[in-house]
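*Asks:*
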Amino acid sequence: MQRLTIGEVARRAAVHIETLRYYERQGLLAHTPRSRSNYCLYSEETVRRIQFIKRAQQLGFSLKEIQELLALQAAPQAQCVDVRERALVKIHEIEHKMGALQAMRTALTRLVAACAGQGYIADCPILESLDADEHASTEVLS
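Taking our numbering, the leading residue of the sequence shown gets 1113, the next gets one more, and so forth.
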């Protein structure tokens, strides 16, 4: 079995060395044995695991959620439905975030429309809105 240095793993997985060290500290990667010359030596499986982590992050999973997915993957008694449920929860969270982002976009669009972009900063309707009392600020977002 080929053993890889941390630099080689980072290059193959297209991540920084500090990312590997962070994943180790977070428990996403097992601590590896050291060679006689005190280098950490990794297996090819480490590259695949990092690629799994990066793909899961691209889908919006947090490192804690990825740790749960990895635990499920390693558990022979786990069922596909366990992973599916987590994916459905993630879809719901994404839809919620999309709604919040749309509300922010709408509010910012209204503020930009109210601002001619001329005059002194003291008369800027965008800044006035941001500096308004709490009740007026919540009206902007609705």
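We put the CB at the ideal spot given by N, CA and C, even for glycine.
Among residues of its own chain, excluding the 5 on either side of Ile1238, which ones have a beta-carbon nearer than 6 Å to its beta-carbon?
*Replies:* Leu1223, Cys1227
*Asks:* Check whether the Cβ atoms of Leu1261 and Val1195 lie closer than 7 Å to each other.
*Replies:* This structure does not reach residue 1261, given that the chain is present from 1113 up to 1254, and the question cannot be answered.
*Asks:* Out of Gln1138, Arg1160, Gly1229, Ala1142, state which residue places its alpha-carbon closest to the alpha-carbon of Ala1332.
*Replies:* Past the boundaries of the shown model lies residue 1332; the chain is included only from 1113 to 1254, so the question cannot be answered.
*Asks:* From what residue to what residue does the alpha helix (DSSP H) around Leu1182 run?
*Replies:* 1175 to 1186
*Asks:* Identify every residue that forms a DSSP beta bridge with Cys1152.
*Replies:* DSSP output for Cys1152 lists Arg1146 as bridge partner(s).
*Asks:* Rounded to a whole number of angstroms, what is the C-alpha to C-alpha distance between Ala1187 and Thr1117?
*Replies:* 28 Å
*Asks:* Quick test of your reading: Ile1162 and Ile1178, contact by CB under 8 Å. State the CB separation rounded to the nearest angstrom.
*Replies:* Not a contact, Cβ separation roughly 11 Å.
*Asks:* So, with DSSP's three-state summary, where would you put Leu1141?
*Replies:* coil
*Asks:* Note down, in chain order, each residue of its chain lying with its Cβ closer than 8 Å to the Cβ of Pro1145, except the 5 sequence neighbours on either side.
*Replies:* Cys1152, Leu1153
*Asks:* Less than 6 Å between the CB of Ile1118 and some heavy atom of the ligand GTP, yes or no?
*Replies:* Absent from the structure shown: the ligand GTP. Ligands present: none.
*Asks:* Can you check which of these residues, Tyr1134, Ile1233, Ser1155, Gly1172, is closest to Val1201 by C-alpha distance?
*Replies:* Gly1172
*Asks:* Name the two residues that bound the continuous alpha helix (DSSP H) containing Gly1211.
*Replies:* 1192 to 1226
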